[in-house]
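Here's the structure we're looking at; comments come further down.
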Amino acid sequence: MGRLSARRARIVGGTAQDKDRLVDHRQRWIELVDLINTARQQYYGADHPTLSDAEYDTLFRELQDLEAAHPELAGGDSPTQTVGGERAGMFAPVEHLERMLSLDNAFSSAELEAWLGRVRKDLGHLPPLLCELKIDGLAVDLVYRDGRLVSVATRGDGRVGEDVTYNARFIPGIPQQLTPTAGLPVPELLEVRGEVFFDKAAFEEMNAEMLAAGRTPFANARNAGAGSLRQRVDRREEELALAEATTGDTARGAAKLARLRADLDRSIQRLGRLRLTVHGVGRTEGWRPATQSEAYAALAAWGLPTAATAVVVADDGELTAYVEQYGAQRHGLDHEIDGVVVKVDDIATQGRLGATSRAPRWAIAYKYPPEVVRTRLTDIEVNVGRTGRVTPFAVMEPAQVAGSTVSMATLHNANEVRRKGVLIGDLVFLRKAGDVIPEVLGPVVEERDGSEREFVMPTHCPACGTALAPEKETDIDIRCPNVRSCPAQLRERVHHVGARGAMDIEGLGWKAAVALLECGLVADEGDVFALTAADLATCPFFTRTDGELTANAEALLTQLEAAKDRPLWRGLVALSIRHVGPTAARALAARFRSLSAIRDAGLAELAATEGVGPIIAEAVGEWFAEEWHRDVVAKWEQAGVVLAEPETEQLPQTMAGLTVVITGTLTDFSRDGAKEAVLARGGKVSGSVSKKTDYVVVGDNPGSKAEKAADLGRPILDEAGFVRLLAGDEP
Ligand code: IVH
Numbered sequence: 029m030g031r032l033s034a035r036r037a038r039i040v041g042g043t044a045q046d047k048d049r050l051v052d053h054r055q056r057w058i059e060l061v062d063l064i065n066t067a068r069q070q071y072y073g074a075d076h077p078t079l080s081d082a083e084y085d086t087l088f089r090e091l092q093d094l095e096a097a098h099p100e101l102a103g104g105d106s107p108t109q110t111v112g113g114e115r116a117g118m119f120a121p122v123e124h125l126e127r128m129l130s131l132d133n134a135f136s137s138a139e140l141e142a143w144l145g146r147v148r149k150d151l152g153h154l155p156p157l158l159c160e161l162k163i164d165g166l167a168v169d170l171v172y173r174d175g176r177l178v179s180v181a182t183r184g185d186g187r188v189g190e191d192v193t194y195n196a197r198f199i200p201g202i203p204q205q206l207t208p209t210a211g212l213p214v215p216e217l218l219e220v221r222g223e224v225f226f227d228k229a230a231f232e233e234m235n236a237e238m239l240a241a242g243r244t245p246f247a248n249a250r251n252a253g254a255g256s257l258r259q260r261v262d263r264r265e266e267e268l269a270l271a272e273a274t275t276g277d278t279a280r281g282a283a284k285l286a287r288l289r290a291d292l293d294r295s296i297q298r299l300g301r302l303r304l305t306v307h308g309v310g311r312t313e314g315w316r317p318a319t320q321s322e323a324y325a326a327l328a329a330w331g332l333p334t335a336a337t338a339v340v341v342a343d344d345g346e347l348t349a350y351v352e353q354y355g356a357q358r359h360g361l362d363h364e365i366d367g368v369v370v371k372v373d374d375i376a377t378q379g380r381l382g383a384t385s386r387a388p389r390w391a392i393a394y395k396y397p398p399e400v401v402r403t404r405l406t407d408i409e410v411n412v413g414r415t416g417r418v419t420p421f422a423v424m425e426p427a428q429v430a431g432s433t434v435s436m437a438t439l440h441n442a443n444e445v446r447r448k449g450v451l452i453g454d455l456v457f458l459r460k461a462g463d464v465i466p467e468v469l470g471p472v473v474e475e476r477d478g479s480e481r482e483f484v485m486p487t488h489c490p491a492c493g494t495a496l497a498p499e500k501e502t503d504i505d506i507r508c509p510n511v512r513s514c515p516a517q518l519r520e521r522v523h524h525v526g527a528r529g530a531m532d533i534e535g536l537g538w539k540a541a542v543a544l545l546e547c548g549l550v551a552d553e554g555d556v557f558a559l560t561a562a563d564l565a566t567c568p569f570f571t572r573t574d575g576e577l578t579a580n581a582e583a584l585l586t587q588l589e590a591a592k593d594r595p596l597w598r599g600l601v602a603l604s605i606r607h608v609g610p611t612a613a614r615a616l617a618a619r620f621r622s623l624s625a626i627r628d629a630g631l632a633e634l635a636a637t638e639g640v641g642p643i644i645a646e647a648v649g650e651w652f653a654e655e656w657h658r659d660v661v662a663k664w665e666q667a668g669v670v671l672a673e674p675e676t677e678q679l680p681q682t683m684a685g686l687t688v689v690i691t692g693t694l695t696d697f698s699r700d701g702a703k704e705a706v707l708a709r710g711g712k713v714s715g716s717v718s719k720k721t722d723y724v725v726v727g728d729n730p731g732s733k734a735e736k737a738a739d740l741g742r743p744i745l746d747e748a749g750f751v752r753l754l755a756g757d758e759p
C-alpha cells in the first residue's frame with residue numbers, strides 16, 4: 029500500500045508533458061498494469077481498496093487508451109482483457125456454469141451515445157433497452173436445480189468463484205426453494221446472477237454496533253458486504269460445537285463458550301442484513317426467456333428479489349430521462365449505486381451483439397460523474413473538539429461542489445494529512461462524500477511551484493497552551509489533556525448540552541454558549557441549569573439596549589426549565605461522556621433507569637448491557653471516576669434536573685415483539701416522539717424495511733422505504749393506524 033500511494037500522486041494524473049517525458053510507453057504500460065492489479069487484489073482479495081473508484085476508472089481508461097494506440101502492448105493477461113477479482117483462498121473454488129462477465133463503462137453522455145451508436149450500427153436500429161440501477165455490491169452466482177438452491181458463489185475471476193453456499197442460507201433475500209407459479213413451473217436448471225449488498229441503514233446500524241463492541245468499523249457498505257459474506261460461519265459453528273463437547277465446567281470454559289456463541293451470533297446477524305437483487309441469468313434448462321425483462325418477471329414470480337426500478341425504454345430520450353432521474357435521486361435511495369446499467373432487452377439480439385473476453389457488447393454501465401472539483405488549500409488549522417481531540421482541518425478558497433459552497437473540510441488527524449500527501453498552498457481535489465461531507469482527496473502534484481509547505485501538527489493546544497499528547501500509546505489522535513478548563517473544550521461542551529441529540533435546548537446555540545462563558549455566568553457545563561434571569565441580565569449578549577432581557581434570553585430560560593424533565597438518555601448524552609451518543613445512552617437509560625444506578629454499576633454490568641460494549645463501559649467508568657464530573661452531576665441535580673426515568677408505571681407493552689419502520693412526517697409525533705412511543709411499549713424501531721418488519725408507518729413525504737415496504741409486501745399503516753397499534757388495537 030505504501031508503495032502504491034507513494035507513486036500514485038505521480039502516476040494518477042501527470043500532465044501531457046510528463047507523460048511524453050516518460051516516452052517509453054511500455055514502461056507506463058507496466059506501471060499501469062501493476063497499479064491496476066495491485067488495486068484489484070486489494071479491492072477483491074483483501075476487501076480493502078486503496079484507490080478511489082474514480083481513480084481506478086481513470087487508470088483503467090488510460091490503460092485501454094494506451095493499448096488502443098499501441099496494440100503491440102496488449103496481451104491476454106492485461107487487466108483490460110480480464111474480469112478482475114481474485115479468490116482469497118478461504119473458500120472452496122466453484123466453477124460457474126457460464127462465465128460471469130463484467131461491464132464496460134461510459135463516463136459521460138458522449139460515451140453512452142457512442143455505445144448507442146455502435147449498437148445501432150451493428151443492428152441497423154436501436155432495440156428496446158432495459159435500464160436498471162448499478163448497485164455497488166458483490167456479484168454472486170446462484171444455481172437452482174429443480175427449484176432448490178444448490179450453490180452460491182462469488183464472481184471470482186469470472187470462471188471460478190468462491191463457494192459461499194453455506195453462508196447464503198442466512199441471507200433472507202436468497203430463497204432456498206423457488207416457488208412455482210401457475211403457468212410457470214420452475215426450470216430444471218437455473219443459474220441466476222445478482223448483487224449482494226448492505227443498504228445504507230443496515231450498514232450504519234452495523235457499524236454503530238461494531239463501534240460499541242470495540243471493533244473497527246468498515247470504510248463503506250461494499251467492503252462491509254464483502255467482509256460479511258466472507259466470514260467462515262461454518263468454522264465458527266464447528267469451533268463452538270467442539271468447545272461445547274470438550275470444555276470443562278469451569279468459569280474460563282463458560283466465558284469461552286459465551287464468546288464463541290456471541291461471535292457466531294454476530295456473524296449470522298450480519299449475514300441476515302445482507303440483501304440480494306438479481307440482475308441476470310446464466311445457464312438454464314427447461315426455460316428460455318425471450319427478453320431480459322420477461323426473465324425478471326419470471327424470477328420475481330419464483331420468489332427471487334428483482335429491482336422495482338428496472339424499466340424498458342424505447343429511445344435515447346427515455347434513456348436520458350432515466351439516467352437523469354436517478355442521477356438526481358441517487359443519494360436519496362436506500363442503498364448505494366454508482367451508475368445505471370443499460371442492457372439490450374431482447375436476448376436473441378444480445379446474442380447477435382456478442383461479448384469480448386471481459387464484457388458483453390449488449391450492455392454498458394453508465395457511471396455518474398463523481399462530483400470532484402479543484403481548489404486551493406490556503407491553510408491547515410486545528411480544531412479542539414468537545415473531548416479534547418485535536419483535529420486538523422483544511423481551509424480552502426471557496427468552491428462550488430455538489431450544489432453548495434465549501435471552504436472547509438476535516439482532515440481527521442496528522443496521519444491522514446500525511447496519507448493524503450497535501451501541502452499548504454497545494455491545489456487539491458475536493459469532493460462531497462455521499463454528497464454531504466466535504467472531503468479533500470489529494471493534491472494536484474503537477475501544479476506545485478515549490479512554495480508549498482508541509483503542515484506541522486502543533487505541540488501545544490492553540491486554545492489553552494497545554495502540551496498535547498495521545499491519550500494512550502496506541503491512539504492516532506492527539507488530545508488536549510486540559511479537559512476541565514481548556515476554553516475550546518468548554519465552549520464545545522456547554523454548547524453540546526443544548527444539542528438536538530442531547531437536552532435539545534434551542535436557545536443554547538453556539539453564540540449563547542460562548543457568551544455565557546465569556547461573561548462568566550457559567551464556569552463549566554455544571555452551571556447551565558442554575559442560570560437565572562438576573563444572571564443573564566448582566567451579560568450584553570442576552571440584553572437589549574434598554575437593559576431588558578432579549579426574547580431569546582427569555583426563551584432560553586423557559587427551555588432550560590423544560591429540559592430538566594427530559595428523558596434520562598438525553599441527560600446522559602449532554603454530559604459529554606466519550607462514546608456515549610444517543611444509541612448507547614438509550615441502552616444505558618433503559619437498563620439502569622437512573623444516573624446514580626449507572627454511576628454505581630460495575631464495569632462488567634455496564635458492558636453486559638445490550639448496545640453497550642467494553643469500550644463504552646470503560647469510558648463511563650472513567651468519566652465517573654473524575655471528581656469534577658461528579659460535581660457537574662451534583663450541580664445539575666441541585667438545579668432540579670431529574671436524571672432518572674419517571675417512576676410511573678410501565679406502559680402496557682402493546683408493541684412487544686413488533687418491529688416497525690417509520691418514514692415520512694407524522695402530524696402528532698416528532699421523529700423521536702414516535703420512536704419513543706414504540707420503545708416505551710416494548711417494540712423495536714428499525715431504520716430499514718426487511719422481511720422481519722411487522723409494520724411500516726408512512727407519514728407525509730415518505731422516502732423510498734414506503735416503496736420497499738410495498739415491494740416486500742409488508743403492511744403499511746397511516747398515522748391513525750399507528751395510533752391504534754400503539755393502543756393495542758387492530759391497526
Ligand atoms: S449486469 C453481463 N446489472 O457491476 C452483465 N451488473 O461493473 C453483467 N452490477 O460484475 C452484469 N448492478 O457485479 C449488472 N444492475 C446490474 C448491476 C451489475 C451491479 C455489478 C456486477 C458486475 C459489475 C460490473
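Here our numbering = 1-based position in the sequence shown + 28. Glycine included, every Cβ here is placed at the ideal spot set by N, Cα and C. From a predicted model like this one, the values you see are computed outputs, not experimental measurements.
For residue i, which three-state DSSP category applies?
| i | result |
| --- | --- |
| Ile-452 | strand |
| Phe-557 | helix |
| Met-238 | helix |
| Asp-150 | helix |
| Lys-284 | helix |
| Ser-732 | helix |
| Asp-169 | strand |
| Leu-19 | Since the displayed the chain opens at 29 and closes at 759, residue 19 lies outside it and no answer follows. |
| Pro-155 | coil |
| Thr-687 | strand |
Apart from the five residues on each side of it in sequence, which residues of its chain come closer than 6 Å, Cβ to Cβ, to residue i?
| i | result |
| --- | --- |
| Val-220 | Leu-170, Val-306, Val-309 |
| Ser-622 | Ala-672 |
| Gly-281 | Thr-275 |
Is the distance from the Cβ of residue i to the Cβ of residue j below 8 Å?
| i | j | result |
| --- | --- | --- |
| Val-725 | Phe-750 | yes |
| Leu-10 | Ala-329 | Absent from the structure is residue 10, since the part of the chain shown begins at 29 and ends at 759. |
| Leu-299 | Ser-256 | yes |
| Phe-246 | Leu-302 | no |
| Thr-403 | Val-450 | no |
| Thr-66 | Gln-92 | no |
| Asp-164 | Glu-474 | no |
| Leu-549 | Ala-561 | no |
| Ala-427 | Val-434 | yes |
| Pro-471 | Trp-315 | no |
| Leu-87 | Ile-64 | yes |
State buried or exposed for residue i, treating a residue as buried only when at least 16 other CB atoms are found within 10 Å of its CB.
| i | result |
| --- | --- |
| Ile-392 | buried |
| Gln-297 | exposed |
| Ala-210 | exposed |
| His-523 | buried |
| Met-436 | exposed |
| Asp-532 | buried |
| Lys-149 | exposed |
| Lys-448 | buried |
| Gln-55 | exposed |
Can you find the residues in the same chain that come closer than 8 Å, C-beta to C-beta, to residue i, ignoring five residues on each side of it along the sequence?
| i | result |
| --- | --- |
| Asn-558 | The identity of residue 558 in the sequence shown is Ala, whereas the question assumes Asn. Excluding residues within five positions, the ones whose Cβ falls inside 8 Å are Lys-663, Gln-666, Ala-667. |
| Leu-634 | Leu-616, Ile-626, Val-640, Ile-644, Ala-645, Val-648, Gly-649 |
| Pro-121 | Arg-115, Gly-184, Val-188, Gly-189, Glu-190, Asp-191 |
| Thr-406 | Val-423, Met-424, Glu-425, Ile-452, Gly-453 |
| Pro-317 | Val-309, Ala-323, Ala-326, Ile-375 |
Excluding the five sequence neighbours on either side, which residues of its own chain have a C-beta within less than 7 Å of the C-beta of residue i, listed in chain order?
| i | result |
| --- | --- |
| Thr-438 | Thr-419, Phe-421 |
| Leu-347 | Leu-157, Cys-159, Val-341, Val-370 |
At a cut-off of 7 Å, would you count residue i as near the ligand FMN, judging by its Cβ distance to the nearest heavy atom?
| i | result |
| --- | --- |
| Gly-308 | Summarising the ligand content, the structure contains the ligand IVH and does not contain the ligand FMN. |
Review point. Taking three-plus beta-carbon pairs below 8 Å as touching, is the segment 607-622 in contact with the segment 569-585?
Key: no
Practice item. Pair every Cβ in the segment 409-418 with every Cβ in the segment 508-516, then say whether three or more of these pairs are closer than 8 Å. Key: yes
Practice item. Determine, using beta-carbon pairs with one atom in the segment 362-371 and one in the segment 150-170, whether at least three such pairs fall under 8 Å. Key: yes
Check your understanding: When the Cβ atoms of the segment 319-338 are set against those of the segment 687-698, are three or more pairs found closer than 8 Å?
Key -> no
Check your understanding: Are three or more beta carbon pairs between the segment 175-183 and the segment 196-209 nearer than 8 Å?
Key -> yes
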